[in-house]
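Written below as structure tokens is the structure these notes are about.
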Amino acid sequence: MNRSIGIGIIVFITVLLLTQYLAFQQYRIRKGEESQRLADELNTVSERLKETLSYSLSATNTLAFIVEQYGVPENFDELAQDIISSYDYIDALELTRKGVITNIYPLEGNEKAIGLDILNYPPASAEAQKAIERNNLYFAGPLELIQGGVAVIGRLPIYRNNEFFGFSVTVIELSTLTRAIGVTSSIDRDFNYQLSKINPLTGKEEFFLPDPVDKEKESVASVEIADGEWILYVSPKYPHLVYQQAFGFSFLGLILAVISGLFFYQWSTQPERLNKLVEQKTSELKHEKDLSDSIINSLPGIFYLFDRDGRFLRWNKYLETISGFTESELKEKRPQDFSGLLESNHVLNTIKRVFERGEDEIETVLIMRNGKRVPYYLYGRRIRLEQKEYLIGMGIDISDRKKAQREALAASREKEVTLNRINDGVISLDKDWNYLFINDAAAVHFPDGREDALGKNILEVDPDIINSSLWEMAKKAVETMSEREFTTFNETLNRWYSVKIYPSENGITVFYRDITNEKKIEQETMKLIGRELHDNVVQVLTGAGLFLNIGLKKIGDTNSDLHKVDELIKKSIEEIRMLSHDLISPFLQGETLEKSIKEIFNHASKTAGFKVQFDFTEFREDLLSDKLKTSTFRIIQEQCNNIIKYAKPRRVIIRLWMNADQFNFEIIDDGVGFDTTVKTTGIGFINIRSRIALFNGELSIESSPGKGCEIRVSFPFPEKMAVKI
């Protein structure tokens, strides 16, 4: 009797563990699928929100640029109408003078807002000040408008002549925003959405959408939207379904374990009763067999029991139904007979591990009598009965799960196809800087082919990228977990690119676009302006100065005001010449590198009040190409700007010289200096390093706080220019 109870307990525990494990696996699968759907939905909605806000950024930047450059346009309504028609999801465009709203389009329905001083209007002042502090577009609200309604307000500060002028403002009604991001009320939705923000006046979190979302629950996902300091919440509409399904399966498993334990308890007691009455034994065995068949046949999946030789001892009717084999045929079958050639070895190895370790599981494909291949999850556990070992197991059809995996893979491939259709280059790297994805537009920039680069480290594929601005910006994006957008020039391809870097916990995604044509137009425009300033405006001012001097001589140089005018004309000529240098390479104007360097430092010495010393005794300009002269001038110009901004020197020395195989220059100042381990990663030094790297040059920086700074640059000569100096 004690032995029978032990067997019943063992079977109960075995079946209970088996069914509860299957229930847990089902819960994990459904929970994982639900979490992935939730993450995908959160990502989709947040991206739509960011895209919607980006239209406001473009609109406010456009209006701000016009105001900064030309003042408030007289045709504001016409201009605002054009801007709004160019960008989606903007309900109104405003312009303020300081904090006072002076212009609104459309005016109809918004008349009450004209004249409102938002800097002194309590509901709006705090977030308006925040936009000024950030000096960037900042979205306030959603808040109630004085003219009625609830809207999000995007404010971009405008500065003219380094003085705060007012705001460029977009108004997005809350209904427009919810429609744009696709969170309008709908009975058929699978998710609830909520948008919240900390009220700057009360310090409390306010919610703006009608959906109920308990943010403390595990099933709620959220993301912060930095442009407006919002938090976007997404939660499943029916989160309890996952738990209900798992609980139902678990409860059935408990019932099965109890019944199985009782069954095996009853079955194990039969030998003792057989000694009493043969007829009673036969009757009881038949009863127990019927009971066991009923229990096993009630299982939701397949059930099987076989010995070490693979002979099936027990199975449920469901196995006969789904396989198409009769009872007599199954008795002759072995587990590997349900698998193909490749899968059969896998099945046999798994069975071997069950008998060695006590339990194991496998996902395989079962081949039915009609040739149909059905994916199954199988779990087996070793049991010992009457000194013999058996394998008892269950299996569930995972066709639906496999189908979902295929659909997810198809969706991933669809995204890949979409990215391959766009003209922008797209590159994805993991957190270890290994290539994950390269779209068709980007593949043309990989000489050895896209397939050769995928999976490799970026430094292995392109070691020289470590000296580029792209590498520096990518590292900063990862360190700060913030997006980066910039333009860069590829000397090898002679192309300009606009680059956007999006970091995440798993790596980065880089979008880049060829903007060479736009840059050429911009450069030609700058050259035209530079030539106009140099060839026309300077000549006019020079002529005015000559006539003024002639006039002074005629009246005897006695008018002090005219002398001041003469000084102002000379200063204007000098300022225009410096501006011309910034707009157009001085070498296109026929000037030498030596003269150009002297001009910028002489001008800087007057501005910053330091003495400057030049040494060109060992310098031969005729050995340098125009490109190298231009890069040298821009590097020295960049360092000159750094000296004016930060160094506060009393004396600066500039020296250029040649030796047998190198062109060298150094800039030495006795200013405040800096810690080279901290302050050589700014954009100025990044530009300097990038220009030096284009010509395979070398840069050395020696500086420490209070000890000034010494920068030395060396460029190797090409083979044809390595002549004796």
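So the sequence shown is residues 610 to 1334, counted in the working numbering.
C-beta atoms are modelled at their ideal positions from N, C-alpha and C, and glycine is treated no differently.
Only residues of its own chain outside the window of five on either side were considered, and among them R1059 have a CB closer than 7 Å to the CB of A1052, listed in chain order. Look at D1123 here: in three-state DSSP terms it is strand. Using a Cβ distance threshold of 8 Å, L672 and L704 count as a contacting pair. T1241: not part of any beta strand (DSSP E); member of the alpha helix (DSSP H) spanning 1235 to 1251, first to last residue. When F1272, V620, I1124, R1030 are compared, the shortest CA-CA separation from I864 is found for V620. Less than 8 Å divides the Cβ of A1050 from the Cβ of D1033. In this structure S1234 does not touch Q1271 by the C-beta definition: roughly 15 Å separates them, more than the 8 Å allowed. Minimum Cα-Cα distance from G680 among the listed residues A722, Q634, G775 corresponds to G775. For R1300, the secondary structure class from DSSP, reduced to helix, strand or coil, is helix.
Judged by pairs of C-beta atoms under 8 Å, the segment 1017 to 1026 does not touch the segment 931 to 942, as fewer than three such pairs exist.
Assigned with DSSP and collapsed to three states, V1281 falls in coil, not helix or strand. Under the 8 Å Cβ criterion, the segment 978 to 990 counts as touching the segment 620 to 638, having at least three qualifying pairs. Per DSSP, the unbroken beta strand (DSSP E) holding F748 starts and ends at 747 to 753. Per DSSP, S1078 is one residue of the alpha helix (DSSP H) stretching across 1078 to 1089. A distance below 8 Å separates the beta carbons of N1273 and R1321. The Cβ neighbour count for S694, taken over all protein chains shown within 10 Å, is under 16; the residue is labelled exposed. Secondary structure note for K1257: it is in no alpha helix (DSSP H), with a DSSP letter that is neither H nor E.
V761 is bridged by DSSP to I781.
By the Cβ neighbour-count rule, E736 is buried, with 16 or more other Cβ atoms within 10 Å of its own.
V676 is not a Cβ neighbour of S784, given a cutoff of 8 Å. With a minimum length of 4 residues, the unbroken runs of alpha helix (DSSP H) contained wholly in the segment 908 to 945 fall at 926 to 932, 936 to 941.
Rounded to the nearest angstrom, the gap between the Cα atoms of N958 and L861 is 30 Å. Looking at the DSSP output, E720 sits in no beta bridge, so it has no partner there. Proximity of the segment 1231 to 1250 to the segment 1199 to 1210 meets the contact definition, three or more beta-carbon pairs being nearer than 8 Å. Between V956 and P944, the beta carbon gap of about 6 Å places them in contact (Cβ cut-off 8 Å). Per DSSP, the unbroken beta strand (DSSP E) holding T1226 starts and ends at 1220 to 1227.
The alpha-carbon separation between Y802 and L658 amounts to approximately 13 Å.
In this structure L651 is not in contact with P845, their Cβ atoms being roughly 11 Å apart against a cut-off of 8 Å.
DSSP, read as helix, strand or coil, puts I1007 in coil. Ranked by Cα distance from F1228, the options F1219, W1266, I1262, A1213 are led by W1266.
Residue burial is scored here from C-beta neighbours: V1287 has fewer than 16 other C-beta atoms within 10 angstroms and is therefore classed as exposed. Take the alpha-carbon of T1097 and the one of R1243: they are about 15 Å apart.
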